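Quick note, the sequence shown lines up with residues 30 to 323 if you use my numbering. Beta carbons: idealized from backbone N, C-alpha and C, even for Gly. These numbers come from a predicted model, not from an experiment. What follows is a single structure, written as structure tokens, with notes after it.
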Amino acid sequence: MEIMNGKMVSQSICEKLKEKTNSLIASGKRVPQLAAVLVGSNGASETYVASKIKHCEEIGFKSNMVRLDETISEQELMTTIESLNKNAEVDGILVQLPLPKHINEQNIINLIDPEKDVDGFSPVNTGRLVLGMQSYIPATPYGIMLMLEHYNIETSGKKAVVIGRSNIVGRPMSILLSQAGPFGDATVTLCHSKTKNLSSICQEADIIVAALGKPGFLTADMVKPGAVIIDVGITRVPDASKKSGFSIKGDVDFDNVSVKSSFITPVPGGVGLMTIAGLLMNTYNAYLKRNKLP
Ligand code: NAD
30 MEIMNGKMVS QSICEKLKEK TNSLIASGKR VPQLAAVLVG SNGASETYVA
80 SKIKHCEEIG FKSNMVRLDE TISEQELMTT IESLNKNAEV DGILVQLPLP
130 KHINEQNIIN LIDPEKDVDG FSPVNTGRLV LGMQSYIPAT PYGIMLMLEH
180 YNIETSGKKA VVIGRSNIVG RPMSILLSQA GPFGDATVTL CHSKTKNLSS
230 ICQEADIIVA ALGKPGFLTA DMVKPGAVII DVGITRVPDA SKKSGFSIKG
280 DVDFDNVSVK SSFITPVPGG VGLMTIAGLL MNTYNAYLKR NKLP
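Given below as structure tokens:
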């Protein structure tokens, strides 16, 4: 069994991006800029955005944190997005989800300029992804693909099971694994809350991506010996032994599943950090495209 080390892989991607940013600075060009929009003060969202901003700064990207009050109207948020769309120095825009209930998330996502949509959630980028065209791939599935590439995981002709069909993780992941080309060409089953016989479907899988948000859901009896296990889940569970009062749990029963697997991602230290690497890669690529650089 080998642990897929998201910290190490994301660090190596960040180092390469830092070198590229330094070359831009040396040639007198402006650096890529990411604008992160945070509405309200959800604890988990605050942590995610802070981490994204910190990584931007570490590699030399400019970052622009737009903090908005929980009570902001949908129209006011739209005006903010429109002004970021128009700002020539902003290359990537991310709106941290979830948004407060009174705001229609899809209306906001639809408004982000597809060329700046570095989360890859807009209908244009989703359509491009489905059609196999160049697109901004949602950061988590992109990060997972970068991880599969780093560990040279054979996917062609393999049976892959993705658990969870959200627009931001499960569904794009199933598309990427099934599309033609490197780290694709798998035969993919996309499972969800209405799937019957999930255990037996998983038992046949060579690769399992668990993205449902239920701590410890994937147990050893559901896993074939030698399977590759990608754990996307991030759930805060109460933990009195931690200063924060909670610990982070993945969707996989790591202790028991890891001994049966060939490769497995830990939580934390796996997919979460690769998501940031995916976001930074998308931002850098958006910068190149917007500036017509090779
Ligand atoms: P979501 O709530 O939008 O979707 C969950 C999916 O799981 C749904 O499609 C649902 O049908 C499916 N599901 C729920 N219960 C199920 C069951 N018993 N059996 C089979 N399928 C079931 O969640 P999401 O946004 O896709 O996130 C999933 C998990 O991944 C969460 O824990 C989230 O925090 C985490 N996440 C992590 C990262 C990261 O960077 N590591 C990024 C995004 C999301």
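Residue i burial status per 10 Å Cβ neighbour count (16 or more: buried)
i    : result
H131 : exposed
S70  : exposed
T50  : buried
P167 : buried
L160 : exposed
Inter-residue spacing [alpha-carbon to alpha-carbon] between residue i and residue j
i    : j    : result
I259 : V238 : 5 Å
V257 : V198 : 17 Å
D120 : N285 : 43 Å
R194 : M202 : 9 Å
E48  : K58  : 14 Å
A79  : V281 : 26 Å
V68  : K272 : 26 Å
T216 : V95  : 41 Å
E105 : E111 : 10 Å
V266 : V296 : 13 Å
L322 : S52  : 13 Å
Q125 : I54  : 29 Å
Cβ distance (whole Å) where residue i is taken to contact residue j below 8 Å
i    : j    : result
K81  : L302 : Not confirmed; about 11 Å, so no contact.
A240 : G210 : With a Cβ gap of about 22 Å, A240 and G210 do not count as contacting.
V3   : C220 : Nothing about residue 3 can be reported from this structure: the residues present for the chain run from 30 to 323 only.
Proximity test, residue i beta-carbon vs the ligand NAD heavy atom, cut-off 7 Å
i    : result
G193 : yes
H84  : no
S229 : no
T264 : yes
K243 : yes
C220 : yes
G199 : yes
A240 : yes
Beta bridge counterpart(s) of residue i as assigned by DSSP
i    : result
I317 : The question names Ile, but residue 317 in the sequence shown is Leu. Looking at the DSSP assignment, L317 forms no beta bridge with any residue, so it has no partner.
N93  : A64
I29  : Residue 29 lies beyond the stretch modelled for the chain, which goes from 30 to 323, so this question has no answer here.
A239 : I192, D260
F292 : E31, V257
K14  : With the chain covering 30 to 323 only, the question about residue 14 has no answer from this structure.
V124 : V66
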